[in-house]
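Chains as they are written, first to last, in our numbering: chain A, 56 to 987; chain B, 7 to 233.
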């Protein structure tokens, strides 16, 4: 070791406390950085494992293939392995209307390449054993011998297509009246287990089957034969080849989720988001740490300034001094980084144990497990080292610039100009206050780094918190976040004299895990002579301009009369039909509205929520509506997600038009009067746009105008109102339906919206209730698990959101250590000064007061420097996000206030902790301790 | 033989009202092996002169030639090498590195230079400095006189062209002062070592070959002691 390094090493050992603080700082930074990279690698690993669990560990699936295809695939040298599934066919399930779809796998269950996970029992071991879905097989138990008559579904003499690409939306997904099962063969099986099926959408992970019933899994017949179709699930040697091998042939699909998380996918944009956030996190942590550790180093360097000066005068070069600082940084890095990395990984491992809520929020089926990716860890260590190097470099550079004479005299550290302290300070705070102020003013430079550190802590904490808040707003605004978990549609088909809506609702509400339920009907005042079932969810409503916001006019949420087709949405029509003059020349405007009739109980609880008078809103003669305004929509003009309010006050009047479309007039266009008079023009749609024919063939019918009065405008839709359908939703109780309009469209559209604390269980329970009423009929009642649907779409976003939450936590830790480190180091540096003050007779009380005043100066300065940039960056963040999504600016004042208060408390605690140590020391020893 | 020549040296500190003329047009030269004492009141510019001679501080005007070469016609690194090889500095407050032991402190200029230590020379020096048995002691275990002897050893170890001492006895009692001055005179004679010493002590100044008196940055007197 050369002499400079020897000096450095011994300095480090001599100033053990400071070295320890620096090492702790470095360890902490390394811990934070490695924690982020380890979190990311663990999340990724878990997402990958989850994708394998849900869809299977394969890259490409070939459905409905034959033996020859297998040979062809097996010859492809890009393919590492193939799992195959023999499609045996349908067998009747436990009821006449349910099926099991029998598939024979190649029996390679150990590698878990296919998404079959035993819930009970075991995997089948031979072709006479079978594993059934846990659902729809309640009559069977393990050990049962079952005989299955296996065949194919036929409808109207034609085989029912099986592959999901060939199926229309809901076609053949349920038992279709008139369908038959043509038996091909009969097989006998022993039930050996039940598996827990993934959602129906994921059934393609097991076979081409996405039709009725769940797959029943057995082992394929020994030899592959041409008499069956097979599905091949292929694993590639290099998943990056997925797209080229896939080659877009028919009946092929990619395991997109898995490929995405593995980083091989056209959907890699999502990866970019995660990595982008990671880079941002690491960048901010590194930045904060550079300031934090840099602070320690600059304190260390300024303490060593005299030493450097001496070495300099004895002939050390600037390079030798710089190197010695860098050597110091290497030593503390070697001491700190491995400990920090281990600490970070340990912290991740521990925190993952408590992330059940995140797991369930993201909808993961596998637990979050620690995955230490060597690459990620190395990146973390490299970034940590770089952080320390940069932290040390700046003071090292400064140290080498100092001339020997300056260093020996330490002229840079003390300002010789007189310092003025205001008379007011002196009067109010006495000598303690004067000393505090003088100290601050005299050594502003040394103070500056502390104040900057503290301001930065505030800045990071508050701005990251605000970013998280904005991110949440953005998520909920841009994705279809439904407030209900499960819905049952088309249920009016099962309602009748035997089953009233009230009774069914009651039954739904009693189902498993249901927290609330509401039944709604959309009122459509237009009926069709030819098609009594013709039905529209939204209606065109007229409104006097005086009720409408200018914002709604500008953005085309409302339309001027003339030339507005019901068949083009408002946005489109706004492009080609209106000029501002149209709006100026008319008092009446038109918009899409939904008239939602909700069951009276739900309506009453809505009234209660907003403190509204029940009598006014349920008055049969003139009931008031509760309007849901402030619809978010994507605006094609500005490319923004916007929130537009239509109504400018609580009280407004709308008109809807009741009319009957005469026979033969299917193509229609509406025409509304500029004065809001109630006529509607009907015409053949094509003719309407053909100027010449219009006059002769246009066919007009006058409509009845119905006035709707709004009593209250709300901006937060209740769970049963889907704001997607119209610009404005009017909510009425079901009981006044007949009072508003004598005749609504014949067919009503009844839906029940259900909230639940276990969506899967509720979905099953609701499906069972519906099945009870639809069994044996050709009625289809749709039960949808929106919660499950939302999850698949929001998985990534939730991960990002969780990352932001974790990050705010980490930043708090940085902030706390930063405050501690800055304040305690500073006090430690002033031991001599304190000793001197005490030796000239300063009392403990005066001493404490002086420290409190100093704390307050620190604190106020930190707020002064910290809050304005925070506000600025928060606003910039808001402004950037506002470009894609419109929302109101909010600054998290409460969080900011809490952060500021906590910082003050932490500073005082730290000061008194550090002071208690100083006080213990003998002032004479401190004064004698001339440390070069 | 002339070893050091100073030409029209000026140095100004601060600016505006705080402007201090530390040195003003100072010129003199020193012969090899000469013992020169510089005297003057506080703030007269003595220390500034010494620091400039040692290449630690830079003049605002004027030149310093040591062994025929211009001291400040060097870049920073060359100047550092100049300091470690050509100059030995002794301070009033010893300025030892507290983390290094006696031997390490003495050999510091050589170690900084990456040179091998001549053990025989070191041994001789330690004996001369009466530091035997204390080779591994840290400075805080030595008396003031011992510490100053270590710093003399440090100044002499690289056999510099000139030794510069800034009130080396200012912090010592009279017995120790006497020993130190004797030691320096001894090296001056034994090694033909050029010695320039700042002092307040008339007694010490009277032992020098030549005395330069400085006041307000100017040479007031420059006289050879008639012994």
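Think of the CB as a built atom: it goes at the ideal place given N, C-alpha and C, for glycine as much as any other residue.
Own chain partners of residue i with C-beta closer than 7 Å, once the 5 adjacent residues on each side are dropped
i: residue 514 of chain A; result: 921, 924 and 925
i: residue 762 of chain A; result: 708 and 710
9 Å Cβ cut-off: residues of chain B touching residue i
i: residue 994 of chain A; result: The structure shown has nothing for residue 994 of chain A, since chain A only spans 56 to 987.
i: residue 65 of chain A; result: 103, 104, 105 and 106
Bounding residues of the beta strand (DSSP E) (the contiguous stretch that carries residue i)
i: residue 144 of chain A; result: 134-147
i: residue 17 of chain B; result: 8-19
i: residue 649 of chain A; result: 643-653
i: residue 290 of chain A; result: 284-291
i: residue 20 of chain A; result: In the structure as shown, chain A starts at 56 and stops at 987, and residue 20 of chain A therefore has no counterpart that could be examined.
i: residue 219 of chain B; result: 216-221
Residue burial classification, residue i (beta-carbon count within 10 angstroms, cutoff 16)
i: residue 145 of chain B; result: buried
i: residue 170 of chain B; result: buried
i: residue 820 of chain A; result: buried
i: residue 809 of chain A; result: buried
i: residue 251 of chain A; result: exposed
i: residue 389 of chain A; result: exposed
i: residue 25 of chain B; result: exposed
i: residue 40 of chain B; result: buried
i: residue 318 of chain A; result: exposed
i: residue 214 of chain A; result: exposed
i: residue 717 of chain A; result: exposed
i: residue 63 of chain A; result: buried
i: residue 142 of chain A; result: buried
i: residue 675 of chain A; result: exposed
i: residue 93 of chain A; result: buried
i: residue 366 of chain A; result: buried
i: residue 292 of chain A; result: exposed
i: residue 478 of chain A; result: exposed
i: residue 188 of chain A; result: buried
8 Å Cβ shell around residue i - same chain, five flanking residues per side excluded
i: residue 241 of chain A; result: 202, 203, 204 and 205
Where residue i falls: helix, strand or coil (DSSP)
i: residue 307 of chain A; result: strand
i: residue 946 of chain A; result: coil
i: residue 31 of chain B; result: strand
i: residue 807 of chain A; result: strand
i: residue 121 of chain A; result: coil
i: residue 61 of chain B; result: coil
i: residue 164 of chain A; result: coil
i: residue 787 of chain A; result: strand
i: residue 177 of chain A; result: coil
i: residue 184 of chain B; result: helix
i: residue 349 of chain A; result: helix
i: residue 177 of chain B; result: coil
Residue i: contacting residues in chain A (beta-carbon distance under 8 Å)
i: residue 90 of chain B; result: 369, 370 and 371
i: residue 87 of chain B; result: 370 and 372
i: residue 179 of chain B; result: Chain A residues near residue 179 of chain B: none, gap ~19 Å exceeds 8 Å.
Chain B residues whose Cβ lies nearer than 8 Å to that of residue i
i: residue 394 of chain A; result: Residues of chain B passing the Cβ test: none, with the nearest at roughly 25 Å.
i: residue 62 of chain A; result: 103, 105 and 106
is_contact[residue i, chain E] using C-beta, thresh 8 Å
i: residue 43 of chain B; result: Here chain E cannot be found, since the structure's protein chains are A and B.
Span of the alpha helix (DSSP H), counted from its first residue to its last, around residue i
i: residue 224 of chain B; result: Counting along the chain, residue 224 of chain B falls outside any alpha helix (DSSP H), though it belongs to the beta strand (DSSP E) covering 224-230.
i: residue 136 of chain B; result: Counting along the chain, residue 136 of chain B falls outside any alpha helix (DSSP H), and DSSP gives it neither H nor E.
i: residue 209 of chain B; result: 208-213
i: residue 608 of chain A; result: 605-609
i: residue 541 of chain A; result: Element bounds for residue 541 of chain A: not the alpha helix (DSSP H) but the beta strand (DSSP E), 541-544.
Neighbouring residues, chain A, relative to residue i (Cβ below 7 Å)
i: residue 222 of chain B; result: What residue 222 of chain B touches in chain A: nothing, since even the nearest Cβ is about 20 Å away.
Partner residues on chain A for residue i, Cβ-Cβ distance less than 9 Å
i: residue 118 of chain B; result: 57, 58, 59, 366, 369, 370, 371, 372 and 375
Cutoff 6 Å; reference residue i; Cβ partners in own chain excluding five residues on either side
i: residue 295 of chain A; result: 319
i: residue 822 of chain A; result: 838
Proximal chain B residues relative to residue i, where beta-carbon distance stays under 7 Å
i: residue 362 of chain A; result: 103
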